[in-house]
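Working notes, structure below.
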Ligand SMILES: *Cc1c(COP(=O)(O)O)cnc(C)c1O
């Protein structure tokens, strides 16, 4: 039988891993996964890891979820794939109906792709093209928020403000305007989270005034800017953003790829502010973490801007796997779990349990900005030494593996984004292991 080390060596030889400086694998271990069950992943030696970050924020109801597995097996014997141009099928129809209903039909039209970055590209192109079809050809610019992350294809990277990902490709990009972040951690002496949000909104207003008539859309990750380190903001920012977009006739794109599907406490994060965007991007959790699927939901008014006899006025964007039936079926099974198991209400309780399990952090001088939004919990480690700070994330990741834990801090922001199925005991275990790792890394 082949050993775990053999698999590692073979992977390093021929697989170029994402988001990784491959040379670091000379010291940081690579884990060959054999199978998954619930919140656990198992390596080829049988060692287990608690998937505390939902395998990059995609898994909602555990690995090898029985209901999603059954739905996929059933779908596999019916239809694995058919092209969506000129053809349609039950899974994509039912999914589009259900999603529309979840927005009270405010966003009644869903356009499909396979990954998050493509959904962002679609929203950007659709906004641009909708204005163009309406004769407003001047509206060509986009605004994004400081620290935003919207994916890494060239269009998505143009509205991404994480320099580590963007820097090397600067000359390739049509850069967007970057406005102040409502990140509550930016509060100055005496300021509340609301103050920070309103201050950031004023910056947005300034740019909208400056670029009057030139801006197609503002794109935002509502409530939590995840990739920049779980930066959270007051929902008042979203209400103000909606008002400003209406006032200046600019589209609002909500990138809910990470924060949608119940992650922040409501099914869509925008619900927390009682607003709807003009475009809402979903991916990651929508298929339960099973298959690549993304989509952009939009309004009747945007849809009508393309509805015409002229082909060139249509939205001709396409992907080979658009609306893949297996992926849509996984999404339907995922939505059925939300309905049948009252997941949003259950998550509210779990979110409180997580807060209680980490209550001790409040008076820990090695920690700042303990924060939480639904099923995302985060805190920042205080590490003064520059060298130790720069290696904090990798040291934490390695130490976590020793504790049967899969966690990858972003810089010094330690976060949990677990599957929704974890039990009270598992929450306690997760908190205890996290603190063990933290002690070790801070020692
Ligand atoms: C992950 C993510 C994306 C990109 O999705 P991919 O499927 O990785 O291309 C875009 N926006 C946000 C907010 C994300 O978290």
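In our numbering, the protein residues as written are 282 to 724. Glycine residues also receive a C-beta, built at the ideal position from the N, C-alpha and C atoms. Note that the coordinates shown come from a computational prediction; the quantities given were computed from them, not determined experimentally.
message: Quick check on residue 579: does DSSP put it in helix, strand or coil?
response: Judged by DSSP in its simplified three-state form, residue 579 adopts strand.
query: Is residue 564 near ligand 1, going by C-beta to nearest heavy atom under 6 Å?
result: yes
query: If we call anything under 7 Å between Cβ atoms a contact, is residue 310 one with residue 285?
result: no
query: Considering residue 535, what are the terminal residues of the alpha helix (DSSP H) in which it resides?
result: Looking at the DSSP string, residue 535 is not in any alpha helix (DSSP H); the run it does join, the beta strand (DSSP E), is 532-536.
- prompt: Which of helix, strand or coil does DSSP assign to residue 388?
  reply: coil
- request: For residue 364, name the three-state secondary structure that DSSP assigns.
  value: The answer is coil: DSSP assigns residue 364 none of H, G, I, E or B.
- request: Identify whether residue 317 lies in helix, strand or coil by the three-state DSSP scheme.
  value: strand
query: Quick one: what does DSSP say residue 495 is sitting in, helix, strand or coil?
result: coil
message: Check for me: the beta strand (DSSP E) holding residue 433 runs from which residue to which?
response: Neither: residue 433 is in no beta strand (DSSP E) and is coded neither H nor E.
message: Are there any heavy atoms of ligand 1 lying less than 6 Å away from the beta-carbon of residue 425, as far as the coordinates show?
response: no
query: Span of the alpha helix (DSSP H) holding residue 526?
result: 517-528
task: Check whether the Cβ atoms of residue 408 and residue 352 sit closer than 7 Å, and answer yes or no.
output: no
query: Roughly how many whole angstroms lie between the Cα atoms of residue 477 and residue 626?
result: Using only the alpha carbons, I get a separation of about 29 Å.
Nearest-angstrom Cβ-Cβ length linking residue 374 and residue 571, presumed shorter than 8 Å: Not confirmed; about 20 Å, so no contact.
query: Just to check, is the beta-carbon of residue 569 closer than 6 Å to a non-hydrogen atom of ligand 1?
result: Incorrect: residue 569 has no Cβ contact closer than 6 Å to ligand 1.
query: Using DSSP with H/G/I as helix, E/B as strand and the rest coil, what is residue 469?
result: Coil.
field: Heavy atom of ligand 1 within 6 Å of residue 542 beta-carbon
entry: no
field: Span of the beta strand (DSSP E) around residue 651
entry: 648-654
field: Residues that residue 370 bridges to, as DSSP identifies them
entry: Paired residue(s): none; residue 370 is not in a bridge.
- request: Report whether the distance from the Cβ of residue 702 to the nearest heavy atom of ligand 1 is below 6 Å.
  value: For ligand 1, not one heavy atom lies less than 6 Å from the Cβ of residue 702.
- prompt: Rounded to whole angstroms, how far is the Cβ of residue 685 from the Cβ of residue 331, which I believe are closer than 8 Å?
  reply: 6 Å
query: Of the choices 464, 714, 483 and 640, whose alpha-carbon is the least far from that of residue 502?
result: 464
- request: Please determine, among 657, 673 and 662, the residue with the shortest C-alpha to C-alpha distance to residue 649.
  value: 662
- prompt: With C-beta atoms as the reference, is residue 540 less than 7 Å away from residue 550?
  reply: yes
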